[in-house]
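As structure tokens, the structure follows; a few thoughts come after it.
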Amino acid sequence: MNARKLFLGFFVLACAGCSSILEALLASDLSVYIHEPSGYYQTSAVITVGGSVYVKSNLCEYVYLSVEPGGYDNSEYLPGGSWSISAHLTEGLNTVTVYAEGTNGDTGFPASATFYLDSMKPAITFSGSYINKKFYTDQDIVFSGSVYESNKIKVCGYECSSGEWGHFVFTSGTYNWNVTLTNIQYNRSYIFEVIAEDAAGWQKTTNFTFFVTNTNT
Numbered sequence: 001m002n003a004r005k006l007f008l009g010f011f012v013l014a015c016a017g018c019s020s021i022l023e024a025l026l027a028s029d030l031s032v033y034i035h036e037p038s039g040y041y042q043t044s045a046v047i048t049v050g051g052s053v054y055v056k057s058n059l060c061e062y063v064y065l066s067v068e069p070g071g072y073d074n075s076e077y078l079p080g081g082s083w084s085i086s087a088h089l090t091e092g093l094n095t096v097t098v099y100a101e102g103t104n105g106d107t108g109f110p111a112s113a114t115f116y117l118d119s120m121k122p123a124i125t126f127s128g129s130y131i132n133k134k135f136y137t138d139q140d141i142v143f144s145g146s147v148y149e150s151n152k153i154k155v156c157g158y159e160c161s162s163g164e165w166g167h168f169v170f171t172s173g174t175y176n177w178n179v180t181l182t183n184i185q186y187n188r189s190y191i192f193e194v195i196a197e198d199a200a201g202w203q204k205t206t207n208f209t210f211f212v213t214n215t216n217t
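With the numbering used here, letter number 105 in the sequence shown gets 105, and the count goes up by one each step, no holes.
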């Protein structure tokens, strides 16, 4: 019995500060989550980022949002568990960081996501001279050129009845393309078209009509 009383007395003494320690541990269990998926945006520099906050021991009072490299900051009073805040993006890659603050001042664990603002369409260039758009041959005709800042490209002729999408993933730089049109016939006009599409969904289309003849006139 004495041993049992001694053990219980030691346990009570040892746990005299347990409640404050437990409160501190629970108070730090404040996490914010971003539900709005990361992705590419074309034109709007202002997007709405939304998510939720997980709180165990204290109410979440504010949600703070920051955007880099633009240096934009915003906050929202949050009596509930979900949030939605506008974020101002700058051209290129943006890192959005969100953290919540509880009623006891604890900021918990932040969350971050990346958003890419792309307001520019890809650029298409042609190599060689196609000024007169007339060819005096029945041989295969080769077109070539480049596409800047695009991750998809389609090149086609014969009113776009030929040609397939090719996927080339890069964020900047130039992709060189070429296509050979076969079975070209005399005295006929054709349409040649190049389509480029970037990750944000921007498309750029360039096409022209050319004529194939067997007389140099």
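We put the beta carbon where it would ideally sit given N, CA and C, even for glycine.
Predicted model only: the values in this text are computed from it and were never measured.
- The DSSP-derived three-state label of residue 174 is strand.
- Taken atom to atom, the span from the alpha-carbon of residue 144 to that of residue 184 is near 17 angstroms.
- Sorting 147, 189, 210 and 65 by C-alpha distance to the C-alpha of residue 89 places 65 at the top.
- Just so you know, the alpha carbons of residue 176 and residue 114 end up roughly 29 angstroms apart.
- Within 10 angstroms of the beta-carbon of residue 122 lie 16 or more other beta-carbons, which makes it buried.
- Counted as a single uninterrupted DSSP element, the beta strand (DSSP E) harbouring residue 125 occupies residues 123 to 127.
- In this structure, 85 is the residue among 104, 106, 85 and 205 with its C-alpha nearest to the C-alpha of residue 98.
- Here residue 31 is bridged, per DSSP, to 54 and 109.
- Membership of residue 94 in the beta strand (DSSP E) is indicated by the continuous run 92 to 102.
- Taking C-beta atoms under 8 angstroms as the contact rule, residue 152 and residue 211 fail to qualify, at a distance of about 29 angstroms.
- Non-local C-beta neighbours of residue 47 in its own chain, meaning closer than 8 angstroms and more than five positions away in sequence, comprise 36, 41, 86, 87, 89 and 115, ordered along the chain.
- Taking the CA atoms as reference points, residue 53 sits about 32 angstroms from residue 201.
- Distance from the CA atom of residue 51 to the CA atom of residue 67, rounded to whole angstroms, is 16 angstroms.
- For the options 148, 174, 209 and 112, the alpha carbon positioned closest to that of residue 39 is the one of 112.
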